[in-house]
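Everything below concerns the one structure shown next.
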Amino acid sequence: MCMYNSADVLWTLWGAAMVFFMQAGFSLCEAGLTRAKNTGNILMKNLMDFCIGTPLYWLVGFGLMFGGAGAFIGRLDPLIRGSYDFGTLPLWCYVIFQTVFCATAATIVSGSMAERTNFKAYCLYSALISMVVYPISGHWIWGGGWLSSLGFHDFAGSTAVHMVGGITACIGAAMLGPRIGKYTKDGKPRAIPGHNLTALATGVFILWFCWFGFNGASTVSLSSDESMLSASLVFMNTNMAAAVATCATMLFTWIRYKKPDVSMAFNGTLAGLVAITAGCDMVSPVGAFFIGLMAGILVVLAVEFFDKVAKIDDPVGAVSVHGVCGAFGTICVGLFATDGGLFYGGGVRFLLVQLAGVVSVAVWVLVTMTIIFKVIDNLVGLRVPAEVEIDGLDIHEHGLASAYSGFAITDVSAALDVNENTDLGEDDYEKAGEHRQTAAVPVVRTEPADPAASSGMYKVTIIARLSRFDELKTAMNQLGVTGMTVTQVMGCGIQRGVGEYYRGVEMDATLLPKIKVEIVVSSIPVDAVIETAKKALYTGHVGDGKIFVYGVQRVVKVRTGEEDFAALQDVE
Numbered sequence: 001m002c003m004y005n006s007a008d009v010l011w012t013l014w015g016a017a018m019v020f021f022m023q024a025g026f027s028l029c030e031a032g033l034t035r036a037k038n039t040g041n042i043l044m045k046n047l048m049d050f051c052i053g054t055p056l057y058w059l060v061g062f063g064l065m066f067g068g069a070g071a072f073i074g075r076l077d078p079l080i081r082g083s084y085d086f087g088t089l090p091l092w093c094y095v096i097f098q099t100v101f102c103a104t105a106a107t108i109v110s111g112s113m114a115e116r117t118n119f120k121a122y123c124l125y126s127a128l129i130s131m132v133v134y135p136i137s138g139h140w141i142w143g144g145g146w147l148s149s150l151g152f153h154d155f156a157g158s159t160a161v162h163m164v165g166g167i168t169a170c171i172g173a174a175m176l177g178p179r180i181g182k183y184t185k186d187g188k189p190r191a192i193p194g195h196n197l198t199a200l201a202t203g204v205f206i207l208w209f210c211w212f213g214f215n216g217a218s219t220v221s222l223s224s225d226e227s228m229l230s231a232s233l234v235f236m237n238t239n240m241a242a243a244v245a246t247c248a249t250m251l252f253t254w255i256r257y258k259k260p261d262v263s264m265a266f267n268g269t270l271a272g273l274v275a276i277t278a279g280c281d282m283v284s285p286v287g288a289f290f291i292g293l294m295a296g297i298l299v300v301l302a303v304e305f306f307d308k309v310a311k312i313d314d315p316v317g318a319v320s321v322h323g324v325c326g327a328f329g330t331i332c333v334g335l336f337a338t339d340g341g342l343f344y345g346g347g348v349r350f351l352l353v354q355l356a357g358v359v360s361v362a363v364w365v366l367v368t369m370t371i372i373f374k375v376i377d378n379l380v381g382l383r384v385p386a387e388v389e390i391d392g393l394d395i396h397e398h399g400l401a402s403a404y405s406g407f408a409i410t411d412v413s414a415a416l417d418v419n420e421n422t423d424l425g426e427d428d429y430e431k432a433g434e435h436r437q438t439a440a441v442p443v444v445r446t447e448p449a450d451p452a453a454s455s456g457m458y459k460v461t462i463i464a465r466l467s468r469f470d471e472l473k474t475a476m477n478q479l480g481v482t483g484m485t486v487t488q489v490m491g492c493g494i495q496r497g498v499g500e501y502y503r504g505v506e507m508d509a510t511l512l513p514k515i516k517v518e519i520v521v522s523s524i525p526v527d528a529v530i531e532t533a534k535k536a537l538y539t540g541h542v543g544d545g546k547i548f549v550y551g552v553q554r555v556v557k558v559r560t561g562e563e564d565f566a567a568l569q570d571v572e
């Protein structure tokens, strides 16, 4: 009869709770990197991954993964009624721990297939990966299967969990095709920024915290000196790889894109966490440092490859983070393991076993998930119609008008306040006066008639940067202008913004946030208004704005009925 150990049970159950909480991290991460109109759909998918996977893994998956010592598959054990021995852990303690890992593999896919996937199709996929695909390859690695017998090492799931989810994500995104508007007619990718980087950051911090349970609790023991030493090393290596990968991604994108990419840096964090997961118990902190360093660079190159070369639209980078870095981290065990790694004199055999494990699991997932996605596509259709995608999945799939009811969400893709490098040579308005006309684009002038010149009233419409509004308002008040109408608008000129990147793709910055200020003047000379506005708005860069002047035929004040000049006066 097994004697359960309270320290081991508590440690494993606490780890299971932390891994479960990763669902919140994935939800926030994926929602933040996609558009507001699909937020509810993303949250629903992450919820249902876990809720669908839990009973199906209990009904079928766990038995296929841990029921028996067959080389390729366990046994069918509905409701887990067979006999199992997990040492100092009760059966249900181990079952719930493995259940949350299964849910993690399934939830990875939702981000890569975001914003265009039929919800019914997604639920079917989630059921099948939890019930069959993940458990069988998991049996090879953790259930006593053929890879385990060869000595394949994947401590907490770089391959068993993350690569399985990442390859599935790649297949699903490829079969779906890119989101509408992602690529131009000549195949050039367009940036589609996520709507909430705060949610992304919160999600990644949650995932980082929970990864200590994901990796650390995979010791499933904390009752001996050896297990305590192992858990401590796992914690240290997990944190080291994540931190170094983040720094590497930040520096690499800073060099590559001229500015450190925010969303890519958070992907770098996850890349380091995924890569260290396979060998966090077998490598030293030095090995964790180099694994994280390489993963932080690799994830950037992988995102660019899938976006620009393979043309696989992956909004959150799941394929690169989980698929590529999962495989990379597993292979690195054969290089950096202090006991048997190539760099520590262990020879090449261990490395070859790691390579064989990565390739075999990749082939298994590629074949099975391609068949599954094809069948689902024929049954219910993988992709939503174009009009549903354009309107957003929230309203059509879930009847949800907005996931942000009560908040004003302006979903303007590729709208950044960017400046071209077009200095006129002077920062001062007066000194730059002689340069302004020569720097302007030559135009052919015609002198239009002024149909309202006799009224003496003019409407001045100013399109300018949001950031210059306070200067403009103050200057106009000092001039004596006391009334103006201000509207926030999106505008573009013939110039295109350059030099700004989002996840390696140059931003299409033809639409920029602007303000439109409308002023009607009579007693104040219109030329004084124009000159004052020019001085207040000038920066010397393209995008300073434009001023339009119109003749006004008639003005009527609603409250008093006064007209024209009298209507424009604010005196009671």
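Following our numbering, the numbering of the sequence shown begins with 1 at its first residue and continues without gaps.
Where a beta carbon is used, it is the ideal one built from N, C-alpha and C, also for glycine.
Quick caveat, the model's predicted, so the values are computed rather than measured.
Inter-residue Cα distance where the pair is residue i and residue j
i, j, result
"T249", "C29", "17 Å"
"F26", "G194", "14 Å"
"M490", "M484", "19 Å"
"V498", "E506", "Unreliable placement is indicated for V498, whose pLDDT of 46 sits below 50; the coordinate value is still reported in the next sentence. C-alpha separation (whole angstroms): 7 Å."
"V358", "W254", "32 Å"
"L33", "M264", "10 Å"
"R608", "H541", "Past the edges of the chain, shown from 1 to 572, lies residue 608, and the structure says nothing about it."
"G287", "S230", "15 Å"
"P55", "D186", "46 Å"
"Y502", "A201", "16 Å"
"D154", "P513", "49 Å"
"C170", "M44", "21 Å"
"A217", "N237", "14 Å"
"L416", "Y125", "Interpretation of L416 is limited by its pLDDT of 34, a score under 50 that renders its predicted location unreliable; the figure taken from the coordinates is listed afterwards. Taking the straight line from one Cα to the other gives about 37 Å."
"A302", "G111", "16 Å"
"G61", "I108", "18 Å"
"W211", "T482", "58 Å"
"G268", "L472", "42 Å"
"A391", "E397", "As written in the sequence, residue 391 is Asp, which differs from the Ala given in the question. Distance between the alpha carbons of D391 and E397 is about 11 Å."
"M294", "A245", "7 Å"
"T330", "I395", "41 Å"
"M163", "G181", "29 Å"
"A414", "A191", "Caution applies to A414, whose pLDDT of 37 falls short of 50 and renders its modelled position unreliable; the value that the coordinates give is listed next. The straight-line gap from Cα to Cα measures roughly 6 Å."
"V654", "C325", "Because the chain is modelled from 1 through 572, residue 654 falls outside the range shown and cannot be assessed."
Residue i, enclosing alpha helix (DSSP H) - first and last residue
i, result
"Y122", "F119 to L128"
"K45", "T39 to L56"
"A156", "Note, A156: premise wrong, no alpha helix (DSSP H); not H, not E."
"R349", "R349 to L379"
"I462", "That residue, I462, is in no alpha helix (DSSP H); its beta strand (DSSP E) goes Y458 to R465."
"K535", "V526 to L537"
"C170", "V164 to L176"
"F235", "D225 to Y257"
"S110", "V109 to S112"
"Y404", "No alpha helix (DSSP H) holds Y404; DSSP gives it neither H nor E."
"L301", "P285 to E304"
"N267", "V262 to T277"
"V319", "No alpha helix (DSSP H) contains V319, which DSSP labels as neither H nor E."
"D470", "F469 to L479"
"C210", "L197 to G216"
"E387", "A386 to D391"
"T88", "First-last for T88: undefined, no H or E at that position."
"L382", "Per DSSP, L382 belongs to no alpha helix (DSSP H) and is neither H nor E."
"C280", "From DSSP, C280 is part of no alpha helix (DSSP H); its letter is neither H nor E."
Those residues which DSSP pairs with residue i across a bridge
i, result
"E518", "T461 and T485"
"P189", "Y183"
"M490", "P513"
"E506", "Y501"
Near the ligand ZN: residue i beta-carbon under 7 Å from a heavy atom
i, result
"I291", "Of the ligands one can find in the structure shown there are none, so the ligand ZN has no counterpart to examine."
Could you pull out every unbroken alpha helix (DSSP H) segment of at least 4 residues lying fully inside the stretch 540 to 565, listed in chain order? none
Which runs of the beta strand (DSSP E), 3 residues or longer, sit entirely within the stretch 9 to 33? none
Contact between the stretch 148 to 161 and the stretch 73 to 85: three or more CB pairs below 8 Å? no
Mind the definition here: the stretch 343 to 355 touches the stretch 308 to 326 only if three or more C-beta pairs lie below 8 Å; say whether that holds. Taking a cut-off of 8 Å for Cβ pairs, the stretch 343 to 355 and the stretch 308 to 326 do not touch, as fewer than three such pairs fall below it.
Between the stretch 361 to 378 and the stretch 290 to 310, can you find at least three pairs of beta-carbon atoms closer than 8 Å? no
Looking at C-beta atoms only, is the number of pairs between the stretch 214 to 226 and the stretch 7 to 22 that lie closer than 8 Å three or more? yes
Touching by the beta-carbon criterion (3+ pairs, under 8 Å), the stretch 154 to 166 and the stretch 273 to 281: yes
Meets three-Cβ-pair contact criterion under 8 Å: the stretch 367 to 387 and the stretch 113 to 124: Using a Cβ-Cβ distance cut-off of 8 Å, the stretch 367 to 387 and the stretch 113 to 124 are in contact, since at least three pairs of beta carbons, one from each stretch, lie closer than that value.
When the Cβ atoms of the stretch 88 to 103 are set against those of the stretch 122 to 137, are three or more pairs found closer than 8 Å? yes
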